[in-house]
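A.B. asks: First residue of the sequence shown? That's 0 in numbering that gives the first Met the number 0, and the numbers climb one at a time after it.
No residue lacks a Cβ here, since even glycine has one placed at the ideal position from N, Cα and C.
Sharing a structure, written as structure tokens. Questions coming.
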Amino acid sequence: MARIKICGVRDRAAIDAAAAGHADYVGFVFFPKSPRNLSFDEASALAGMTPSAIRRIGLFVNADDEMIGAAVRAARLDGVQLHGEEGPDRAAAIKGRFGVEVWKALAVTTRADLAAARSYAGVVDRILFDAKTPPGAALPGGMGVRFDWRLLAGGRGGFDPGVPWGLAGGLDASTVAEALATTQAPLVDVSSGVEDAPGVKSPAKIRAFCEAVRAR
Numbered sequence: 000m001a002r003i004k005i006c007g008v009r010d011r012a013a014i015d016a017a018a019a020g021h022a023d024y025v026g027f028v029f030f031p032k033s034p035r036n037l038s039f040d041e042a043s044a045l046a047g048m049t050p051s052a053i054r055r056i057g058l059f060v061n062a063d064d065e066m067i068g069a070a071v072r073a074a075r076l077d078g079v080q081l082h083g084e085e086g087p088d089r090a091a092a093i094k095g096r097f098g099v100e101v102w103k104a105l106a107v108t109t110r111a112d113l114a115a116a117r118s119y120a121g122v123v124d125r126i127l128f129d130a131k132t133p134p135g136a137a138l139p140g141g142m143g144v145r146f147d148w149r150l151l152a153g154g155r156g157g158f159d160p161g162v163p164w165g166l167a168g169g170l171d172a173s174t175v176a177e178a179l180a181t182t183q184a185p186l187v188d189v190s191s192g193v194e195d196a197p198g199v200k201s202p203a204k205i206r207a208f209c210e211a212v213r214a215r
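Right, dumping it as structure tokens:
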């Protein structure tokens with residue numbers, strides 16, 4: 000069964016809905032341009048509300064060590080998700096310094112974009128395949144854009160990036176069954192697909208998304 004990550008949570012209602020839906024991860028965003036951005040104090044408070052069974056992943060975009068370290072300490076992060084231009088060397092340095100899981104998001108439009116995953120094999124703990132955002136977009140993800148999931152067709156039995164992976168982009172309760180049937184993704188990551196407005200999570204949509212995943 001696919002694991003579930005609810006990204007961009009900002010309040011207790013979203014945390015509680017993720018817990019009720021048996022999500023495996025929640026994502027805390029540390030990117031000032033995002034409507035889901037958290038201060039370190041806000042992240043610390045949310046961490047205290049998160050059940051121990053749910054792992055906390057912090058999302059960063061080209062952040063420096065000072066920012067990552069402060070967030071890891073404040074939110075007691077289990078992992079760091081890199082959503083910028085971070086290459087394998089930068090990912091390895093972050094993993095070595097902070098001793099947490101490191102995920103790397105890769106933007107996908109064509110099959111050729113998938114090849115970049117192999118350069119992170121043996122470096123990161125997970126690759127997250129996401130859609131490329133429109134040119135000039137202020138955010139690198141979390142915009143509900145999807146790519147052609149058939150590029151990942153075959154899943155565990157076919158496509159192999161050489162590292163554990165997950166799927167993001169364009170997912171919600173109505174599309175996740177199709178995404179899983181097409182890709183056999185071992186993890187699905189949702190943000191805007193469980194919101195009523197940018198940065199405003201819907202507990203009902205979170206529960207519906209988790210139910211759609213668990214029903215497979």
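Is the separation between the beta-carbon of Thr108 and that of Trp148 shorter than 8 Å?
C.D. replies: no
A.B. asks: Check the DSSP bridge columns for Cys6 and list the partner residues they point to.
C.D. replies: Gly26
A.B. asks: Identify whether Ile53 lies in helix, strand or coil by the three-state DSSP scheme.
C.D. replies: In this structure, DSSP gives Ile53 a state outside helix and strand, which the three-state scheme calls coil.
A.B. asks: Pull up the CB-CB distance for Phe27 and Ala42, whole angstroms please, since I reckon it's below 8 Å.
C.D. replies: Indeed they touch by this definition, with Cβ atoms about 5 Å apart.
A.B. asks: Could you tell me the distance, in whole angstroms, from the CA atom of Phe222 to the CA atom of Ala73?
C.D. replies: Nothing can be reported for residue 222, as the shown portion of the chain is limited to 0 through 215.
A.B. asks: Can you list, in chain order, the residues of its chain whose CB lies under 6 Å from that of Phe208, leaving out five sequence neighbours each side?
C.D. replies: Ala172, Val189, Val193
A.B. asks: Buried or exposed for Arg215, going by 16 or more other Cβ atoms inside 10 Å?
C.D. replies: exposed
A.B. asks: Quick one: is Gly140 buried, meaning 16 or more other Cβ sit within 10 Å of its Cβ, or exposed?
C.D. replies: Caution applies to Gly140, whose pLDDT of 49 falls short of 50 and renders its modelled position unreliable; the model cannot decide the point.
A.B. asks: Give the DSSP-derived three-state secondary structure of Phe39 in the structure shown.
C.D. replies: In the structure shown, Phe39 sits in a helix (DSSP, three-state: H, G or I).
A.B. asks: Going by the beta-carbon positions, is the gap between Ala22 and Ile56 smaller than 8 Å?
C.D. replies: no
A.B. asks: Given this structure, state the Cα-to-Cα distance separating Val144 from Leu166, to the nearest angstrom.
C.D. replies: 12 Å
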